[in-house]
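Counting in this note's numbering, the sequence shown runs from 10 upward without gaps.
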Amino acid sequence: LKGVIRAHCERICRTLDGEALQKQRQERRRQFDEAEDVRMEYRRIPLADNPLGKGAQYGGLDDVQYNSGRAIEALRDNKISTAAVYRLSSFVSQLFGNTALAGRVRFADAYGHNVVVEERNGVAIDRVYGSVAVGPFNYETVVGGEFPTRIDFKNVTLAQFGLLGLALRDLAEGRIALGFGKSRGLGRVTASFDSLEIHYPTCVLEDGALRLVGRDIRLPARHFGGVGAFGGDAWRAYDFPSDDVAPLPEGWRFQADEVMGVQLRAEGADQVKAFWRACMPAWKREIGL
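Shown next, in the form of structure tokens:
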């Protein structure tokens with residue numbers, strides 16, 4: 010499932026990416042890249058790259074081989090910082106990881122419940138002669154059942170969460186097919202969302218506002234934030250968005266965590282989708298809209 014969601018996130022990003030946006034993002038990172046002597050040919054980075062590609066230098070929008078993980082490996086002699094590894098990764102790789110950077114989202118195995126399997130038969134047709142090439146053959150396909158899973162994420166920005174929400178929305182609405190035989194009608198699934206929990210383990214709640222323990226960082230009342238809202242100047246080299254906050258959706262409220270910190274909890278698909286919608290302004294800012 011992770012590969013399917015990542016591929017769809019890449020598809021969304023490639024559709025919305027452009028030279029003007031890439032230059033804008035490059036200029037935003039310029040002072041940090043210059044401070045670490047990152048060579049000019051490694052500074053331009055797309056929203057989405059090819060995690061299996063072999064290219065270490067980005068060649069423009071038509072480049073389908075660029076791999077930001079390979080580019081970072083090529084810079085090992087520069088002894089770049091951890092912040093530079095994150096900053097020089099593509100937007101999708103910052104979320105899902107690459108060969109130089111661990112991902113920030115994890116998908117658990119989806120084990121089937123009440124699975125119904127059918128055996129079907131087929132035949133391969135010769136594309137030239139129109140006759141039987143191979144067959145007949147039998148295959149099994151799942152026609153019913155549920156596959157519960159969970160997705161864990163850590164230290165993400167609101168824009169990254171918004172992109173993940175777009176991909177999961179398309180999965181829920183049947184726009185993404187899974188597995189073999191997609192062109193013949195297989196792989197059609199729908200998804201439902203039971204709950205969503207956001208934990209702020211190093212925050213306390215003061216007058217309805219989040220405050221970071223030990224730091225002079227406080228969010229506006231009834232606002233939640235991504236990782237960029239809590240980094241401050243010490244984490245600017247990661248190129249986190251400084252305005253990484255959004256108003257709480259209707260019906261959401263902060264509550265004390267059972268052990269330490271503050272949490273948000275949504276029950277049901279409507280509340281989960283409301284959270285994604287609240288992240289959309291941050292996603293739009295990230296892509297220059």
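For every residue, glycine included, the Cβ atom is placed at its ideal position computed from N, Cα and C.
* **Beta-carbon proximity of G154 to V198, cut-off 8 Å** => Residue numbering aside, residue 154 sits at position 145 when the sequence shown is read from its first letter. Residue numbering aside, residue 198 sits at position 189 when the sequence shown is read from its first letter. No, Cβ-Cβ distance for G154 and V198 is not below 8 Å.
* Asked: Counting pairs of Cβ atoms below 8 Å between the segment 111–121 and the segment 163–181, do you hit three or more?
  -> yes
* Asked: Do G106 and W292 have their CB atoms nearer than 8 Å?
  -> To locate residue 106, count along the sequence shown from 1; it is residue 97. To locate residue 292, count along the sequence shown from 1; it is residue 283. Going by C-beta atoms, G106 is not nearer than 8 Å to W292.
* To do: Can you tell me which of the three DSSP states Y247 falls into?
  => Working through the sequence shown from its first residue, we reach residue 247 at position 238. In this structure, Y247 counts as helix in the three-state DSSP scheme.
* Beta-carbon spacing of V271, Y209 below 8 Å -> Along the sequence shown, one-based indexing puts residue 271 at 262. Along the sequence shown, one-based indexing puts residue 209 at 200. Result yes, Cβ atoms of V271 and Y209 sit closer than 8 Å.
* **Boundaries (first-last residue) of the alpha helix (DSSP H) holding S102** => Sequence index remark: in the sequence shown, residue 102 carries index 93 (1-based). Run containing S102: F100 to F105, per the alpha helix (DSSP H) assignment.
* To do: Use the C-beta contact count for N76: other C-beta atoms within 10 angstroms, 16 or more gives buried, fewer gives exposed.
  => Numbered from 1 along the sequence shown, position 67 holds the residue referred to as residue 76. The residue in question, N76, is buried, as its Cβ has 16 or more Cβ neighbours within 10 Å.
* Which class does E155 belong to by DSSP, given the choice of helix, strand or coil? -> The count along the sequence shown starts at 1 and reaches residue 155 at position 146. Looking at E155 - three-state DSSP - the assignment turns out to be strand.
* Asked: What's the gap between the Cα of E182 and the Cα of S204?
  -> Taking the first residue of the sequence shown as position 1, residue 182 is located at position 173. Taking the first residue of the sequence shown as position 1, residue 204 is located at position 195. Whole-angstrom Cα-Cα distance: 18 Å.
* Find out if the Cβ-Cβ distance for the pair S251, G235 is shorter than 8 Å. => Working through the sequence shown from its first residue, we reach residue 251 at position 242. Working through the sequence shown from its first residue, we reach residue 235 at position 226. Not in contact: S251 and G235 (Cβ atoms no closer than 8 Å).
* Using the C-alpha atoms, what's the distance from L214 back to A83? -> As a working note, residue 83 is residue 74 in the sequence shown. As a working note, residue 214 is residue 205 in the sequence shown. Straight-line Cα distance between these residues: approximately 44 Å.
* From which residue to which residue does the alpha helix (DSSP H) around G270 run? -> Here the question's residue 270 lines up with position 261 in the sequence shown. Premise fails: G270 is in no alpha helix (DSSP H) and is neither H nor E.
* E206, DSSP secondary structure in three states -> Counting from 1 along the sequence shown, the entry for residue 206 is found at position 197. In the structure shown, E206 sits in a strand (DSSP, three-state: E or B).
* Below 8 Å CB to CB, which residues in the same chain sit around V141 once its five sequence neighbours on both sides are set aside? => Residue 141 sits at position 132 when you count from the first residue of the sequence shown. Same-chain partners within the cutoff: V132, A133, I134 and D135.
* Does the separation of the CB atoms of S99 and D58 fall below 8 Å? -> For the purposes of this step, residue 99 is identified with residue 90 of the sequence shown, where counting begins at 1. For the purposes of this step, residue 58 is identified with residue 49 of the sequence shown, where counting begins at 1. S99 places its beta carbon less than 8 Å from that of D58.
* Look at A80 and Y51 and say whether their C-beta atoms are less than 8 Å apart. => Against the sequence shown, residue 80 aligns to sequence position 71. Against the sequence shown, residue 51 aligns to sequence position 42. Cβ atoms of A80 and Y51: closer than 8 Å.
* **N-terminal and C-terminal residue of the beta strand (DSSP E) that F233 is part of** => Indexing the sequence shown from 1 puts residue 233 at position 224. Residues H232 to G234.
* Span of the alpha helix (DSSP H), counted from its first residue to its last, around D179 -> As a first step, residue 179 must be located in the sequence shown, where it is residue number 170. L167 to A181 is the extent of the alpha helix (DSSP H) around D179.
* Asked: Less than 8 Å separating the beta-carbons of R227 and G217?
  -> Numbered from 1 along the sequence shown, position 218 holds the residue referred to as residue 227. Numbered from 1 along the sequence shown, position 208 holds the residue referred to as residue 217. Cβ atoms of R227 and G217: not closer than 8 Å.
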